[in-house]
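These notes are about the structure you will find just below.
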Amino acid sequence: MANVIKNFFTASDLAILQPYCRVRIEDMPALTDDTQTPLAPNFYNDALATVFHRLKKPLVEKNLNKTLNTTYVYWRYYGYGSKLDMHTDRPSCEWSITACVNKTDDWPLIIKGETVELGIGDALVYNGVADRHGRPGTYQGDGMAQIFMHYVDANGRFAHHSNDEYLKQTGSNYSVEDKELMPQNIDQT
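Its first residue numbered 215, the sequence shown is counted upward by one per residue in my numbering.
Here's what the structure looks like:
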């Protein structure tokens with residue numbers, strides 16, 4: 215199940231988020247990125263993103279018709295030449311949102327073989343554990359800010375990942391039980 219929520223971020227939300235993201239990028243002492251997304255700095259559990267993660271939870275719950283617990287949030291800034299290979303996510307990303315804060319060029323998501331282009335303010339809801347997703351080629355624009363909000367079903371098989379506690383307590387993304395519960399065809403790295 216993957217679907218788009220139009221105007222997930224309202225004009226008022228974007229009036230806060232867009233300049234905030236710009237300031238965070240401008241104030242970075244040097245370009246940092248992660249191994250999954252070259253040329254794309256990211257900010258794990260960023261304070262402002264965390265506020266929106268909590269504020270938007272009822273909207274995500276309504277969309278999925280599930281009771282959710284937050285796990286973690288981060289935002290990423292894709293720059294020219296960034297790439298995002300097809301992948302699945304760790305159990306704490308059971309239910310995920312990718313929301314477009316701003317962009318200078320289109321760069322669709324591919325999820326379960328479907329191409330999805332998000333407008334500024336729109337969000338995609340998907341099962342990050344089961345739904346393979348990524349982006350084709352490399353990003354050709356000057357910048358794209360995306361916020362990723364992750365949740366687990368409060369009564370589900372990955373509930374022990376609430377607030378990203380399993381990772382915080384063990385230093386591991388996967389428990390033995392997770393590996394037994396995960397679909398056979400997904401990445402477990």
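Glycine included, each C-beta is placed from N, C-alpha and C at the ideal position.
Predicted model only: the values in this text are computed from it and were never measured.
Continuous beta strand (DSSP E) stretch holding residue i: start and end
{"i": "Thr284", "result": "Leu282 to Tyr292"}
{"i": "Leu298", "result": "Lys297 to His301"}
{"i": "Val343", "result": "Counting along the chain, Val343 falls outside any beta strand (DSSP E), and DSSP gives it neither H nor E."}
{"i": "Tyr258", "result": "Asn256 to Tyr258"}
{"i": "Glu328", "result": "Glu328 to Val330"}
{"i": "Thr352", "result": "His347 to Thr352"}
Nearest candidate by alpha-carbon position, reference residue i, set the options
{"i": "Leu228", "options": "Met363, Asn377, Ser376 and Ala359", "result": "Ala359"}
{"i": "Ser226", "options": "Glu275, Gly357 and Ile334", "result": "Ile334"}
{"i": "Arg371", "options": "Val265, Cys307, Leu323 and Arg238", "result": "Cys307"}
{"i": "Leu282", "options": "Lys382, Asp392, Ser386 and His374", "result": "His374"}
{"i": "Trp289", "options": "Ile311, Glu394 and Asp299", "result": "Ile311"}
Cβ-based burial, residue i [other Cβ within 10 Å; buried from 16]
{"i": "Arg304", "result": "buried"}
{"i": "Gly342", "result": "buried"}
{"i": "Ser296", "result": "buried"}
{"i": "Gln402", "result": "Unreliable placement is indicated for Gln402, whose pLDDT of 42 sits below 50; the coordinate value is still reported in the next sentence. Result: exposed."}
{"i": "Arg268", "result": "exposed"}
{"i": "His301", "result": "exposed"}
{"i": "Val265", "result": "exposed"}
{"i": "Asp319", "result": "exposed"}
{"i": "Asp356", "result": "exposed"}
Backbone secondary structure at residue i - three-state DSSP
{"i": "Gln360", "result": "strand"}
{"i": "Leu278", "result": "helix"}
{"i": "Arg268", "result": "helix"}
{"i": "Leu323", "result": "strand"}
{"i": "Lys220", "result": "coil"}
{"i": "Asn377", "result": "helix"}
{"i": "Gly385", "result": "coil"}
Residue i - containing alpha helix (DSSP H), residue span
{"i": "Asp392", "result": "Val390 to Leu395"}
{"i": "Pro233", "result": "Ala225 to Glu240"}
Residues that DSSP places opposite residue i in a beta bridge
{"i": "Val339", "result": "Asn217 and Ile311"}
{"i": "Lys317", "result": "Met358"}
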